[in-house]
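Numbering (the working numbering), first residue to last: 2 to 180. Don't be surprised by glycine CBs; every beta carbon is placed ideally from N, CA and C.
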Amino acid sequence: PSPSSFTNCTAAPGGWRKRCSRPRRFDHPTELSYPMPESVPKLSLCMIVRNEAETLPDCLASVAGLADEIIMLDTGSDDGTVQVAQRYGVQVIRHEWQDDFSEARNSSIKHATGEWILWLDADERLRPEEHDKLRQAMRASSAYAYNVLIHNKNGKGGYFSRGHRLFRNDRGIKFSGSV
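And the structure:
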């Protein structure tokens, strides 16, 4: 399709994803999403970050087209992390670090408006082949949580791990203890 066929787009609530009447081609690297069928429940990505300007763009790119909104709890970045996040349309919430990951994660998820929540750290990536698996899981099941394959990009090349990273936005679900 030609670029003129992508003119009927309006910003979705939260500004992260655009809803278009036709598939949309994105030319700018910060425009990373595409519309999903309405039958897929809304997904909120929740993150806590501090000084992650270097790793944040790849993390956000890994969830492009999947997350309907991104809530980033910033605990005191001074390296441009907030500005990077804002370029991607991320909802940034400033939060004083309490030396407690559970408290910070709980503070981030309370802002989520999606029916499902996915949580990632800025040095983690969601593999593209996981997107369809997560969409199917959110559509088809009555489960409360799912194991998700995550690629952690540490300084040594990274590693893969599985964990309960996708769960229903049920106000009764909380992080506790050591996270």
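According to DSSP, Glu125 shares a beta bridge with Asn153. In this structure Ala68 is buried. Its beta-carbon is surrounded by 16 or more other beta-carbon atoms within 10 angstroms. An exposed status is given to Arg140, since fewer than 16 other beta-carbon atoms sit within 10 Å of its beta-carbon.
If you draw a 10 Å sphere on the C-beta of Gly77, you find fewer than 16 other C-beta atoms in it, and that means exposed.
Asp75 places its beta carbon 8 Å or farther from that of Val64. According to the DSSP secondary-structure assignment, Glu70 is paired through a beta bridge with Ser45.
The beta carbon of Ile151 is closer than 8 Å to those of Leu121, Glu125, Arg126, Leu127, Phe161, Ser162, Arg163, Gly164 and Arg166 in its chain, skipping five residues each way along the sequence. Here Phe176 really is in contact with Asn107; their C-beta atoms are around 5 Å apart, less than 8 Å.
In the DSSP assignment, Phe168 forms a beta bridge with Ile118 and Ala146. Just so you know, the alpha carbons of Pro42 and Gln99 end up roughly 32 Å apart. Looking at the DSSP output, Phe161 shares a beta bridge with His152. The alpha carbon of Asn155 has as its nearest neighbour, out of Tyr89, Leu57 and Leu44, the alpha carbon of Leu57. Ranked by Cα distance from Leu61, the options Ser103, Ala123, Arg172 and Asn170 are led by Ala123. Membership of Gln92 in the beta strand (DSSP E) is indicated by the continuous run Gln92 to Arg95. Under DSSP, the beta-bridge partners assigned to Asp75 are Val50 and Arg95. Judged by DSSP secondary structure, Val85 falls within the alpha helix (DSSP H) whose first and last residues are Thr82 to Arg88. Using a 10 angstroms sphere on the CB of Glu130, the tally of other CB atoms stays under 16, which defines it as exposed.
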